[in-house]
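K.L.:
Number of protein chains: 6
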Amino acid sequence: MPSERAERGMDILRQINPQSAQALFSELESIAPDLSRFVAEFAYGDIYARPGLTLREREMITVAALTAQGNAAPQLKSHIVGALNSGCTEQEIIEIMLQMAVYAGFPAAINGIMAAKEVFTARKANETDPA
Amino acid sequence: MPSERAERGMDILRQINPQSAQALFSELESIAPDLSRFVAEFAYGDIYARPGLTLREREMITVAALTAQGNAAPQLKSHIVGALNSGCTEQEIIEIMLQMAVYAGFPAAINGIMAAKEVFTARKANETDPA
Amino acid sequence: MPSERAERGMDILRQINPQSAQALFSELESIAPDLSRFVAEFAYGDIYARPGLTLREREMITVAALTAQGNAAPQLKSHIVGALNSGCTEQEIIEIMLQMAVYAGFPAAINGIMAAKEVFTARKANETDPA
Amino acid sequence: MPSERAERGMDILRQINPQSAQALFSELESIAPDLSRFVAEFAYGDIYARPGLTLREREMITVAALTAQGNAAPQLKSHIVGALNSGCTEQEIIEIMLQMAVYAGFPAAINGIMAAKEVFTARKANETDPA
Amino acid sequence: MPSERAERGMDILRQINPQSAQALFSELESIAPDLSRFVAEFAYGDIYARPGLTLREREMITVAALTAQGNAAPQLKSHIVGALNSGCTEQEIIEIMLQMAVYAGFPAAINGIMAAKEVFTARKANETDPA
Amino acid sequence: MPSERAERGMDILRQINPQSAQALFSELESIAPDLSRFVAEFAYGDIYARPGLTLREREMITVAALTAQGNAAPQLKSHIVGALNSGCTEQEIIEIMLQMAVYAGFPAAINGIMAAKEVFTARKANETDPA
Chain U
557 MPSERAERGM DILRQINPQS AQALFSELES IAPDLSRFVA EFAYGDIYAR
607 PGLTLREREM ITVAALTAQG NAAPQLKSHI VGALNSGCTE QEIIEIMLQM
657 AVYAGFPAAI NGIMAAKEVF TARKANETDP A
Chain Y
557 MPSERAERGM DILRQINPQS AQALFSELES IAPDLSRFVA EFAYGDIYAR
607 PGLTLREREM ITVAALTAQG NAAPQLKSHI VGALNSGCTE QEIIEIMLQM
657 AVYAGFPAAI NGIMAAKEVF TARKANETDP A
Chain G
557 MPSERAERGM DILRQINPQS AQALFSELES IAPDLSRFVA EFAYGDIYAR
607 PGLTLREREM ITVAALTAQG NAAPQLKSHI VGALNSGCTE QEIIEIMLQM
657 AVYAGFPAAI NGIMAAKEVF TARKANETDP A
Chain C
557 MPSERAERGM DILRQINPQS AQALFSELES IAPDLSRFVA EFAYGDIYAR
607 PGLTLREREM ITVAALTAQG NAAPQLKSHI VGALNSGCTE QEIIEIMLQM
657 AVYAGFPAAI NGIMAAKEVF TARKANETDP A
Chain P
557 MPSERAERGM DILRQINPQS AQALFSELES IAPDLSRFVA EFAYGDIYAR
607 PGLTLREREM ITVAALTAQG NAAPQLKSHI VGALNSGCTE QEIIEIMLQM
657 AVYAGFPAAI NGIMAAKEVF TARKANETDP A
Chain B
557 MPSERAERGM DILRQINPQS AQALFSELES IAPDLSRFVA EFAYGDIYAR
607 PGLTLREREM ITVAALTAQG NAAPQLKSHI VGALNSGCTE QEIIEIMLQM
657 AVYAGFPAAI NGIMAAKEVF TARKANETDP A
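Structural data, given as structure tokens:
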């Protein structure tokens with residue numbers, strides 16, 4: 557039975573990026589289910605659930621940090637989706653990437669923009685999906 | 557004569573952290589004055605001056621990125637001041653640091669908090685300074 | 557009242573590096589006490605408390621990672637102490653540092669060795685302290 | 557004729573990951589054969605050949621460092637194999653990854669787990685290969 | 557109308573890697589055209605256009621930095637081409653990669669060599685292209 | 557008795573930065589003398605001794621990489637000295653730092669410039685030393 561912390565974290569994940577969380581948890585199921593639990597409990601249940609920053613602000617700083625670090629493409633794309641789902645516009649995400657050129661260099665900014673482009677394009681394809 | 561871009565950048569620097577910009581430019585004067593110019597023109601005149609994010613949001617993502625990278629203590633402290641001057645509360649800065657534990661690990665978060673503590677303490681000392 | 561997870565984490569911290577944990581928690585008390593709680597609950601209560609690796613092995617991999625990352629000197633020194641308290645010899649710690657030259661370069665290895673030297677020297681000074 | 561250091565290094569490589577070393581050396585043959593030599597001589601002949609840590613411990617700290625750095629996926633997978641061949645269990649490798657969440661953040665841990673899953677799956681496929 | 561700085565930057569880009577710049581600018585066109593402008597104006601028009609280092613030297617230090625950072629493969633490959641176009645030999649590029657083993661570890665050097673091999677092979681295929 | 561590789565490495569170290577090498581080896585003597593040996597044998601005897609790049613070029617790429625990594629201040633300062641002793645001018649070193657703003661961000665460039673300023677100032681103080 558999931559802990560109260562996990563429930564709280566899952567509620568937040570359902571708001572910001574349910575598909576990505578679902579995909580991650582399925583992947584981890586057979587090898588490290590405790591890592592899914594720590595993601596839900598600690599990352600979302602303990603940290604994102606805190607008052608003091610809005611979810612939109614939390615996703616913005618995560619997108620900034622992952623862009624600057626430049627070595628976690630799957631998580632960056634997942635949080636670009638999360639940022640959009642939390643109220644960021646596409647242009648705001650692009651602004652974050654551009655600013656990271658100042659703090660982490662142009663390659664980090666360019667690779668961030670390319671990740672954003674991929675996410676934005678996939679979302680548009682889904683929206684116009686006739687099915 | 558400073559370029560229009562430099563003027564625009566300096567205006568922003570005067571809003572967010574005039575003392576720190578002044579100190580940096582003095583330090584660079586004798587060795588690499590063009591770097592001061594690039595900071596004013598590109599970092600602030602081209603990037604921070606853009607619409608699309610508020611200055612408060614720009615400082616928040618900078619604090620997040622520098623905390624996650626963990627190797628630029630002087631700039632992190634300077635942007636903690638900039639975040640406070642742009643409308644962030646101390647608690648919001650602490651929230652950013654805590655969230656970086658999720659994306660860059662606990663040492664990065666702890667060192668970020670220690671930098672914030674140093675900045676907050678220095679500001680309080682100045683405020684209560686009888687002079 | 558501390559959670560069961562925090563209690564479990566504190567028990568481990570008392571084994572591996574009580575002084576350093578105490579110092580960290582005192583520093584964080586006035587600014588971010590929740591970070592102390594997360595260190596105790598998540599880092600030690602959830603992770604270090606797991607079976608599957610010995611505490612000595614856990615400290616060895618932490619020393620390796622912090623040496624390779626090269627940007628968290630206070631935490632590196634604290635975990636060198638933790639490694640010694642968990643059963644590592646000084647020579648084993650030096651071997652870890654040397655091996656990091658292969659994966660993170662010579663500067664990381666040299667700076668790791670210098671941190672170890674500082675820790676080893678301070679411990680010897682304490683041991684021979686006549687008081 | 558290979559140096560004594562290279563021979564010593566190759567002996568260790570044959571124990572821990574002969575296929576991966578073979579593949580690397582074939583790749584480097586036409587472009588930078590001296591790099592193969594330095595890998596054999598310095599990385600394995602000088603460092604891994606040292607007493608003071610077991611091969612299993614050496615592979616564990618390498619897996620930890622590469623997971624924390626998060627930017628060398630081919631080498632991480634190769635050393636996950638090396639760790640298994642040196643006496644680590646799959647569960648011990650997972651524990652290393654989980655612990656890296658504390659020192660390098662959750663994305664590093666998740667990407668480490670995904671690399672491990674890929675390695676474990678490929679090994680199982682080979683074991684049950686009817687040929 | 558492009559600024560004088562952009563013109564100056566584009567002139568340099570045309571010398572060192574016109575195809576890669578073209579490809580990047582096409583990619584950015586629909587999502588962040590200002591980033592193309594900043595690349596042309598700041599990176600090339602302000603920095604590469606400076607006297608004091610030759611273009612060959614500028615490409616060499618860029619290849620070194622990107623190899624050491626190890627998290628920007630597209631940019632590394634693009635600057636390996638730029639280094640060759642600025643007067644570096646293939647062997648000089650290999651020497652840079654080998655030296656990075658000392659400062660960033662063997663995985664960084666090996667991944668740099670693999671990027672170089674890919675670039676060198678593609679260029680040879682083009683040269684011998686019967687079309 | 558030092559190996560031929562160590563002799564060759566020490567010859568190069570005597571050309572580029574004898575004081576810094578001496579200081580490092582003294583520091584390592586009591587704790588990890590083998591690391592001094594690896595520095596002399598591998599870093600300098602195997603790598604820097606190779607033909608294909610001049611010592612000045614080797615020092616330039618090292619200064620670039622260490623500036624971009626931003627987490628090895630003692631080694632950066634030591635190689636700024638090495639670059640000057642190998643034929644770089646102060647202005648060339650400053651150019652390297654400025655260019656790193658493009659690839660690693662402004663904080664890395666600024667901290668690199670500050671390290672250079674410290675080295676340049678100390679050298680001028682020595683030159684004018686009346687003793």
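Residue numbers (the working numbering), protein chains in the order written: chain U, 557 to 687; chain Y, 557 to 687; chain G, 557 to 687; chain C, 557 to 687; chain P, 557 to 687; chain B, 557 to 687.
A virtual CB, placed ideally from N, CA and C, is assigned to each residue, including glycine.
Just so it is clear, the structure is predicted and the values come from calculations on it, not from any experiment.
(1) With H, G and I counted as helix, E and B as strand and the rest as coil, what does DSSP make of G668(C)?
(2) Run through DSSP, which three-state label would T618(G) get?
(3) Starting from the beta carbon of I587(U), find every residue of chain D whose beta carbon is closer than 8 Å, and list them in chain order.
(4) So what does DSSP say about A678(Y), is it helix, strand or coil?
(5) CB I587(G) to CB I669(Y), shorter than 9 Å?
(6) In chain order, what residues of the same chain lie with their CB nearer than 7 Å to the CB of E674(B), ignoring the 5 residues before and after it?
(7) For the stretch 593–602 of chain Y against the stretch 639–650 of chain Y, do three or more pairs of beta-carbon atoms, one drawn from each stretch, fall closer than 8 Å, so that the two count as touching?
(8) Would you check if the distance between the CB atom of I617(C) and the CB atom of I572(G) is smaller than 9 Å?
(9) Relative to the C-alpha of A596(G), which candidate in P607(G), L609(G), S576(G), T610(G) has its C-alpha closest?
(10) Ignoring anything shorter than 4 residues or poking outside the stretch 592–655 of chain G, list the alpha helix (DSSP H) runs there in chain order.
(11) Since I believe V658(Y) is in contact with F662(C) (beta carbons under 8 Å), could you give me their beta-carbon distance rounded to a whole number of angstroms?
(12) Give a yes or no on whether 9 Å exceeds the smallest Cβ distance from P663(Y) to chain G.
(13) If we cut at 9 Å on Cβ distances, does A628(C) have a partner in chain Y?
(14) Any residues in the stretch 598–622 of chain U with a beta carbon nearer than 8 Å to a beta carbon of chain P? Which ones, in chain order?
(15) Can you pull the chain G neighbours of M693(C), defined as C-beta to C-beta under 7 Å?
(16) Output, in sequence order along the chain, the residues in the stretch 562–573 of chain B whose CB is closer than 9 Å to any CB in chain Y.
(17) Is there a C-beta anywhere in chain C that falls below 9 Å from the one on A660(Y)?
(18) Does E560(U) have its Cβ less than 9 Å from a Cβ in chain C?
(19) Flag this pair as yes or no: are the beta carbons of A624(Y) and A660(Y) separated by less than 9 Å?
(20) Of all Cβ atoms in chain B, is any one closer than 9 Å to the Cβ of I666(G)?
(21) Within 9 Å of any Cβ in chain B, is that where the Cβ of A624(P) sits?
(22) Spatial neighbours of S592(B) within its chain, please: C-beta separation below 6 Å, excluding the five flanking residues on both sides.
(23) Drop a sphere of 10 angstroms on the beta-carbon of A620(P), count the other beta-carbons inside from all chains shown, and report buried for 16 or more, exposed for fewer.
(24) Whole angstroms is fine: what's the gap from I568(P)'s alpha carbon to A579(G)'s?
(25) May I ask you to report which of helix, strand or coil DSSP gives I568(P)?
(26) Between A671(C) and the rest of its own chain, which residues show a CB-CB distance below 7 Å, the 5 nearest in sequence each way excluded?
(27) Mind listing the chain U neighbours of F594(G)? Cutoff is C-beta to C-beta under 7 Å, in chain order.
(28) Hey, could you find the ends of the alpha helix (DSSP H) P574(U) is sitting in?
(29) Is the distance from the Cβ of L654(U) to the Cβ of A639(U) below 9 Å?
(30) DSSP three-state label for A588(B), please.
(31) Which of helix, strand or coil does DSSP assign to P663(U)?
(32) Please name the residue, chosen from E563(Y), D590(Y), R564(Y), that lies closest to Q647(B) on a Cα-to-Cα basis.
(33) Buried or exposed: E615(P), going by 16 or more other Cβ atoms within 10 Å of its Cβ?
P.N.:
Reading off the structure:
(1) On the fourth sequence, residue 668(C) is found 112 positions in, with the first residue counted as 1. Here G668(C) sits in helix by DSSP.
(2) Sequence index remark: in the third sequence, residue 618(G) carries index 62 (1-based). Residue state, collapsed to three classes: helix.
(3) Here the protein chains are U, Y, G, C, P and B, and chain D is not one of them.
(4) Here residue 678(Y) corresponds to residue number 122 of the second sequence, with the count starting at 1. A678(Y): helix per DSSP, three-state reduction.
(5) If you number the third sequence from 1, residue 587(G) lands on position 31. If you number the second sequence from 1, residue 669(Y) lands on position 113. Going by C-beta atoms, I587(G) is nearer than 9 Å to I669(Y).
(6) Position 118 of the sixth sequence holds residue 674(B). For E674(B), where only same-chain residues beyond five positions count, the Cβ hits under 7 Å are K633.
(7) no
(8) Here the question's residue 617(C) lines up with position 61 in the fourth sequence. Here the question's residue 572(G) lines up with position 16 in the third sequence. Not a contact, by the Cβ cut-off of 9 Å.
(9) One-based indexing of the third sequence puts residue 596(G) at position 40. Answer by Cα proximity: S576(G).
(10) 611–625, 629–641
(11) Counting from one through the fourth sequence, the residue named residue 662(C) turns up at place 106. Counting from one through the second sequence, the residue named residue 658(Y) turns up at place 102. That pair is a contact at about 5 Å.
(12) Translated into positions along the second sequence, residue 663(Y) becomes position 107. Yes, contact with chain G.
(13) Residue mapping note: residue 628(C) aligns to position 72 of the fourth sequence, counting from 1. False, the Cβ-Cβ gap to chain Y never drops below 9 Å.
(14) none
(15) Absent from the structure is residue 693(C), since the part of chain C shown begins at 557 and ends at 687.
(16) none
(17) Here residue 660(Y) refers to the residue found at position 104 when the second sequence is read from its first residue. So yes, A660(Y) belongs to the interface.
(18) One-based indexing of the first sequence puts residue 560(U) at position 4. No - not a single Cβ of chain C is within 9 Å of the one on E560(U).
(19) Translated into positions along the second sequence, residue 624(Y) becomes position 68. Translated into positions along the second sequence, residue 660(Y) becomes position 104. The answer is yes: Cβ separation under 9 Å.
(20) Position 110 of the third sequence holds residue 666(G). Answer yes: the Cβ-Cβ gap between I666(G) and chain B drops below 9 Å somewhere.
(21) The residue you call residue 624(P) lines up with position 68 of the fifth sequence. A624(P) counts as touching chain B.
(22) Start at 1 with the first residue of the sixth sequence, and residue 592(B) comes out as number 36. Only F581, L584 meet the Cβ criterion.
(23) Start at 1 with the first residue of the fifth sequence, and residue 620(P) comes out as number 64. With 16 or more Cβ atoms within 10 Å of its Cβ, A620(P) is classed as buried.
(24) Residue mapping note: residue 568(P) aligns to position 12 of the fifth sequence, counting from 1. Residue mapping note: residue 579(G) aligns to position 23 of the third sequence, counting from 1. For I568(P) and A579(G), the distance between alpha carbons rounds to 54 Å.
(25) Counting from 1 along the fifth sequence, the entry for residue 568(P) is found at position 12. Looking at I568(P) - three-state DSSP - the assignment turns out to be helix.
(26) The count along the fourth sequence starts at 1 and reaches residue 671(C) at position 115. Excluding positions up to five away in sequence, the list reads A629, L632, K633, I636.
(27) The count along the third sequence starts at 1 and reaches residue 594(G) at position 38. Correct list: D602.
(28) Along the first sequence, one-based indexing puts residue 574(U) at 18. Run containing P574(U): 574–585, per the alpha helix (DSSP H) assignment.
(29) Taking the first sequence and counting its residues from 1, one reaches residue 654(U) at position 98. Taking the first sequence and counting its residues from 1, one reaches residue 639(U) at position 83. For L654(U) and A639(U), no; Cβs fall outside 9 Å.
(30) As a position in the sixth sequence, residue 588(B) is number 32, starting the count at 1. Of the three classes helix, strand and coil, the one that applies to A588(B) here is coil, per DSSP.
(31) Numbered from its first residue, the first sequence carries residue 663(U) at position 107. P663(U) falls in the helix class under three-state DSSP.
(32) As a first step, residue 647(B) must be located in the sixth sequence, where it is residue number 91. Nearest option by C-alpha distance: D590(Y).
(33) The count along the fifth sequence starts at 1 and reaches residue 615(P) at position 59. With 16 or more other Cβ atoms within 10 Å, it is buried.
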